[in-house]
Amino acid sequence: MEKSKPSVAEKIKKKIKDTFDVGAEGAASITGELVAESVVSQFLPGATTMIFSYKQKRFEQNIEKYLEEMKAREEEMNKRISQLEDAPKQAFKDKYFGMITDYVIDEPQREKIRYIVNGMINLLSHESINEDFVLTYYDTLRDLRLVDIGVLKFYYDFSMGYKRTTYQDVLDEFQIEYEQYDAVREKLARMGLLETKRDREVEKLYKNVEALGKYIQDLSKNKSSRLSLDRLSKNDGYHMSKFGRSFLEFFVEEFKEEA
986 MEKSKPSVAE KIKKKIKDTF DVGAEGAASI TGELVAESVV SQFLPGATTM IFSYKQKRFE
1046 QNIEKYLEEM KAREEEMNKR ISQLEDAPKQ AFKDKYFGMI TDYVIDEPQR EKIRYIVNGM
1106 INLLSHESIN EDFVLTYYDT LRDLRLVDIG VLKFYYDFSM GYKRTTYQDV LDEFQIEYEQ
1166 YDAVREKLAR MGLLETKRDR EVEKLYKNVE ALGKYIQDLS KNKSSRLSLD RLSKNDGYHM
1226 SKFGRSFLEF FVEEFKEEA
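Residue numbers for the sequence shown follow our numbering, beginning at 986 and rising by one.
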């Protein structure tokens, strides 16, 4: 009798066991146990869900990449979890680990999973973990594509005085035209990761309007008055926002090391 092929759930469970030695004798890995619980919980016992082959393949590839990244950082993660106080440690295990794993499951670009894992490790250095913080940062990462992150990295380097790449390097790496590059910058600015000089000029413009109003009012009362206006720049260049810098240092390992 021909053996039936293992289900996706069975294959994933075996992969987890082989990667982290879950269930083996000896001290169990904290990270391995968390991964096993959060990933296996994605499967409903006895359920026979029909899913598209693309989604099934993406799911398997994402989990495989996730296990690979978690295994590479296992020692560091175990250490950080062990150093947490009881309350944040329990919150991380019961809530945030699974919450972050959900982003892995749905991620269309597998290469971004290393950022998801790196953010998880950096989260463990926080004395207290806040749900709004986690959702804000991970929702932002979810909405970015690799090209968006590439452009943001370029602006981070520029803001820090590094000259590792030029914007032409970014165009070549992601095979995009300047118009697409400009559209990415606009997207990053809308998300608050980049700022434009225009954003800063708005405050100057508001002050100028106030000063002009006061000047006209003084003239109408025959008062001597001097009009002083801030010069506005015509340049609409982009630069890193505080949030953009914090975001990259949270998710991208090399930037955290340089910060």
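Don't be surprised by glycine CBs; every beta carbon is placed ideally from N, CA and C. Since this is a predicted model, take the numbers as computed values, not measurements.
For ASP1124, tell me which candidate among LYS1042, SER1067, MET1176 has the shortest Cα-Cα distance.
Numbered from its first residue, the sequence shown carries residue 1124 at position 139. The candidate whose alpha carbon is nearest that of ASP1124 is MET1176.
Please state whether the Cβ-Cβ distance between HIS1224 and PHE1143 is less than 9 Å.
By 1-based counting over the sequence shown, the position of residue 1224 is 239. By 1-based counting over the sequence shown, the position of residue 1143 is 158. Yes; because the gap between Cβ atoms is below 9 Å, this pair is in contact.
I need the straight-line Cα distance from GLU1070 to MET1084, nearest angstrom please.
The count along the sequence shown starts at 1 and reaches residue 1070 at position 85. The count along the sequence shown starts at 1 and reaches residue 1084 at position 99. Cα-Cα distance, rounded: 20 Å.
Sorted by chain position, which residues of the same chain lie with C-beta nearer than 8 Å to GLU1061's C-beta, five sequence neighbours on each side aside?
Counting from one through the sequence shown, the residue named residue 1061 turns up at place 76. Cβ within range, chain order: ILE1106.
CB LYS1097 to CB LEU1052, shorter than 9 Å?
Residue 1097 sits at position 112 when you count from the first residue of the sequence shown. Residue 1052 sits at position 67 when you count from the first residue of the sequence shown. Contact flag unset, no.
Do you know offhand how far LYS1074's Cα is from LEU1019's?
Here residue 1074 is taken as the residue at index 89 of the sequence shown, counted from 1. Here residue 1019 is taken as the residue at index 34 of the sequence shown, counted from 1. Looking at the two C-alpha atoms, the distance is approximately 12 Å.
Using only CA atoms, which one of LEU1108, ALA1076, GLU1092 lies nearest to ARG1065?
Locating residue 1065 in the sequence shown gives position 80, counting from the first residue. Looking at the Cα atoms, LEU1108 is the closest of the given residues.
Can you find a C-beta in chain C that's less than 9 Å from the C-beta of GLN1094?
This model lacks chain C altogether, as it is built from one protein chain only.
Pop quiz: ASN1063 and ILE1001 are said to be a contact at Cβ under 8 Å. What is the actual Cβ separation, rounded to whole angstroms?
By one-based count along the sequence shown, residue 1063 stands at place 78. By one-based count along the sequence shown, residue 1001 stands at place 16. About 16 Å; that fails the 8 Å criterion.
From GLU1022, SER1231, TYR1166, pick the residue whose C-alpha is nearest to that of ASP1079; which is it?
One-based indexing of the sequence shown puts residue 1079 at position 94. Checked all of GLU1022, SER1231, TYR1166; the closest Cα to ASP1079 is GLU1022.
Where MET1055 and LYS1192 are concerned, what is the direct C-alpha to C-alpha distance, given to the nearest angstrom?
On the sequence shown, residue 1055 is found 70 positions in, with the first residue counted as 1. On the sequence shown, residue 1192 is found 207 positions in, with the first residue counted as 1. Approximately 52 Å, taken between the alpha carbons.
Do you know how far the Cα of ILE1090 is from the Cα of LYS999?
Here residue 999 is taken as the residue at index 14 of the sequence shown, counted from 1. Here residue 1090 is taken as the residue at index 105 of the sequence shown, counted from 1. For LYS999 and ILE1090, the distance between alpha carbons rounds to 18 Å.
Of all the options ARG1170, ARG1043, GLY1146, which has the alpha carbon lying nearest to the alpha carbon of VAL1155?
The residue given as residue 1155 occupies position 170 in the sequence shown. The shortest Cα separation from VAL1155 among ARG1170, ARG1043, GLY1146 belongs to ARG1170.
Can you check whether the CB of ARG1099 is closer than 9 Å to the CB of GLU1238?
Taking the sequence shown and counting its residues from 1, the one referred to as residue 1238 is at position 253. Taking the sequence shown and counting its residues from 1, the one referred to as residue 1099 is at position 114. In contact: GLU1238 and ARG1099 (Cβ atoms closer than 9 Å).
Restricting to Cα atoms, I'd like to know which of ARG1211, LYS1227, ASN1115, ILE1161 is closest to LEU1178.
As a working mapping, residue 1178 is identified with position 193 in the sequence shown. With distances taken between Cα atoms, LEU1178 lies closest to LYS1227.
Quick check: what's the CA-CA separation for GLY1222 versus GLU1162?
For the purposes of this step, residue 1222 is taken as residue 237 along the sequence shown, with counting starting at 1. For the purposes of this step, residue 1162 is taken as residue 177 along the sequence shown, with counting starting at 1. Looking at the two C-alpha atoms, the distance is approximately 18 Å.
Here's the rule I'm using: 16 or more other beta-carbon atoms within 10 Å means buried, otherwise exposed. How should LEU1129 be labelled?
The residue you call residue 1129 lines up with position 144 of the sequence shown. By the 10 Å Cβ count, LEU1129 comes out buried.
Roughly how many angstroms separate the alpha carbons of GLU1180 and LYS1172, rounded to a whole number?
Locating residue 1180 in the sequence shown gives position 195, counting from the first residue. Locating residue 1172 in the sequence shown gives position 187, counting from the first residue. Whole-angstrom Cα-Cα distance: 11 Å.
Return yes when the Cβ of LEU1137 is within less than 9 Å of the Cβ of PHE1232, no when it is not.
The count along the sequence shown starts at 1 and reaches residue 1232 at position 247. The count along the sequence shown starts at 1 and reaches residue 1137 at position 152. Their beta carbons are under 9 Å apart, which means PHE1232 touches LEU1137 by this criterion.
Is it right to say ASN1103 is buried, meaning 16 or more other beta carbons lie within 10 angstroms of its own, or is it exposed?
Translated into the one-based positions of the sequence shown, residue 1103 becomes position 118. Classification of ASN1103: buried, given that the 10 Å Cβ count is 16 or more.
Are the CB atoms of ARG1095 and ARG1043 within a distance shorter than 9 Å?
As a working note, residue 1043 is residue 58 in the sequence shown. As a working note, residue 1095 is residue 110 in the sequence shown. Going by C-beta atoms, ARG1043 is nearer than 9 Å to ARG1095.
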